[in-house]
Amino acid sequence: MKNLIVGQSGGPTAVINCSLYGVIKEALSNTSQIPVVYGMLNGIEGFLKDTVLNITEDMSEETLEGLKITPGAYLGSCRYKLPEDLSDPVYPELFKKFEQYNIGYFFYIGGNDSMDTVSKLSRYAAAHGSDIRIMGIPKTIDNDLVLTDHTPGFGSAAKYVATTVCEIGIDASVYDSKSVTIVEIMGRHAGWLTGAAILARKYEQDNPVLIYLPEVPFSQDKFISQIEENLKTRNNLVVCVSEGIQDDKGTFICEYASDAGVDNFGHKMLTGCGKYLENLVKDRLGIKVRSVELNVSQRCSTSCQSLTDAMEAETGGRFGVSKALEGQTGMMTAFVRNEGDTYGLSYTLVDVNEVCNKEKTVPTEWITKEGTDLSKEFINYVLPLIQGSPSVPTKDGIPAYVYRR
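Numbering of the sequence shown is given in the numbering used here, commencing with residue 660 and proceeding in unit increments.
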């Protein structure tokens, strides 16, 4: 009998707590093998500081059920990068703590960088004869993890983006004068989320008229000419851009306005390309223009949560625990889309070492019209992932989320 510990890492999503719910529920249903479930508060970084929650004793059934409609990472998150050198003292320190808590199962819910953590811990365990089963549960609104059809969090964020862009388009159309609204959407190297804005389009040439992804080099001159051309046929343009669009030399467009800092994993912290392009349109064309940065709203809105996304996240968490109990380790839960026109999903495991530090981008054959639009294949891929809405309980007119105090 060994205990299980679970943590969350990286940017939250609208369903990261659904994955947590799945892990916890499956573990609690196997008390003969897992007597205690612990939660790392603020991920691996918090665990190193001994900030641990005894979920078995301290989490009520009401709180547990409330996780499914609560945004953010209930256990708290971190962006802590474990050393590349597996002989670093932090590794024996971590495994000594695992021993103190009688941990036999380690689960980490996160994206690319979190899978890097799972990879390092599982490789260290294998090299030192540890029998701890170390597993990754995927999440990211960016949808850029390889070896899985899609990732939990993407469907809900895509639904939020499509809904918000639709509302922005309706708002922008109330005036007769020419205008441009630029919507900046998350996505460093992969444009999946920005591409989802196409779902807001109700008919041919409806807004958003232009969509720019980081998979295609961005030309400022071509951007201006494409806006001018489309203003000939409609007065109000909505343009969607990924935060990570870059020119043919690899310079992020936001860097034309200021230098981008870097996070703990060395990734540039991108923001401001929408505002830069707003000023570019204003200077070149002299028309009414505004920019809207969706920012964290696109990842934390359970009011736009996809029920499909929530259910898949929970099942993915449950599946990972069931496989760890069978002896699996060093793996990540992955989604496999069924063949045929009717959407369906099965679950499998993939080697986490083949997932971490890699990125899945939008297929170039799905990007059309000189890099400003998406194909029917892209729409067919995304549409099933945004279906359904959960029943969100309210108190005094606002969602009744659960909180950790």
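Every residue gets a Cβ at the ideal spot worked out from N, C-alpha and C, and that includes glycine.
In chain order, what residues of the same chain lie with their CB nearer than 6 Å to the CB of Y613, ignoring the 5 residues before and after it?
Because the chain in this structure spans residues 660 to 1064, residue 613 falls outside the shown range and cannot be described.
Locate the beta strand (DSSP E) running through D1010, then write down its first and last residues.
1004–1010
Considering just the uninterrupted stretch of the beta strand (DSSP E) at K947, what are its terminal residues?
947–952
Give me the Cα-Cα distance between L780 and V980, rounded to the nearest whole angstrom.
Cα-Cα distance, rounded: 17 Å.
To the nearest angstrom, how far is it from the Cα of N954 to the Cα of E1024?
28 Å
Go to I793, then tell me how far its beta strand (DSSP E) extends in each direction, as first and last residue.
792–797
How should H787 be labelled, buried or exposed, when 16 other C-beta atoms within 10 angstroms of its C-beta is the threshold for buried?
exposed
Between L726 and K891, what straight-line distance do the alpha-carbon atoms span, to the nearest angstrom?
49 Å
So, for N894: in the same chain, excluding its five sequence neighbours on each side, which residues have a beta-carbon less than 6 Å away from its beta-carbon?
K837
So is I1057 buried or exposed if we call it buried at 16+ other beta carbons inside 10 Å?
exposed
Measuring CA to CA, which of R943, A816, E874, N1016 is closest to L852?
A816
Take G925 and list the residues in its own chain whose beta-carbon comes closer than 6 Å to its own, dropping the five residues that flank it on each side.
Residue placement at G925 cannot be trusted, given a pLDDT of 48 that sits under 50; what the coordinates show is reported in the next sentence. Answer for G925: no residue qualifies.
Kindly indicate which residue of G769, N802, K755 has the alpha-carbon position closest to the one of Y783.
K755
Residues bridged to L663 by DSSP?
V696, Y764
In terms of residues, what are the limits of the alpha helix (DSSP H) holding L1042?
Taken as a continuous stretch (DSSP letters only), L1042 belongs to no alpha helix (DSSP H), as it is neither H nor E.
Helix, strand or coil: which one does DSSP assign to N631?
Coverage of the chain is limited to positions 660 through 1064, which leaves residue 631 absent and any answer about it impossible.
Roughly how many angstroms separate the alpha carbons of G1047 and C932, rounded to a whole number?
In a straight line, the C-alpha of G1047 is about 32 Å away from that of C932.
Using only CA atoms, which one of G698, E1018, K1035, Y1062 lies nearest to P873?
E1018
Are V696 and V674 touching if we call contact CB-CB under 9 Å?
no
Check whether the segment 845–862 and the segment 1033–1041 touch, using three or more Cβ-Cβ pairs below 8 Å as the test.
yes
Counting Cβ pairs closer than 8 Å, one from the segment 795–815 and one from the segment 1002–1021, do we hit at least three?
yes
Check whether the Cβ atoms of V948 and I841 sit closer than 9 Å, and answer yes or no.
yes
Just to confirm my understanding: we take V951, look at its own chain, exclude 5 residues before and 5 after, and list those with CB closer than 8 Å. What are they?
Hits under 8 Å: I827, T840, I841, V842, E843, G933.
Find the nearest neighbour of C677 within the set D1000, R1063, G975, V1014, judged by alpha-carbon distance.
G975
What does the Cβ neighbour count give for S1068, buried or exposed, with the cut at 16 atoms within 10 Å?
It is not possible to answer for residue 1068, since the shown part of the chain is limited to 660 through 1064.
Quick check: the Cα distance between L707 and L753, rounded to an integer number of angstroms?
7 Å
Quick one: grab the DSSP three-state call for Y819.
Here Y819 sits in helix by DSSP.
How big is the Cα-Cα spacing for Q692 and L663?
10 Å
With H, G and I counted as helix, E and B as strand and the rest as coil, what does DSSP make of Q957?
Here Q957 sits in helix by DSSP.
How would you write the range of the alpha helix (DSSP H) that M991 sits in, first residue to last?
Counting along the chain, M991 falls outside any alpha helix (DSSP H), though it belongs to the beta strand (DSSP E) covering 990–996.
Which value, in whole angstroms, describes the spacing of the CA atoms of N771 and K740?
11 Å
Would you kindly check if the distance between the Cβ of P1049 and the Cβ of L966 is under 9 Å?
yes
Under 8 Å by Cβ, that's how I've got G846 and E914 pegged, so tell me the actual separation to the nearest angstrom.
That pair is no contact at about 16 Å.
One question on the structure: do M621 and K982 come within less than 9 Å of each other, judged by their Cβ atoms?
Residue 621 cannot be examined here, being either before or after the span of the chain that is shown, 660 to 1064.
Quick check on the burial criterion: 16 or more other C-beta atoms within 10 angstroms. Buried or exposed for N713?
Exposed: under 16 other Cβ atoms inside 10 Å.
Alpha carbon to alpha carbon, how far is L869 from K881?
12 Å
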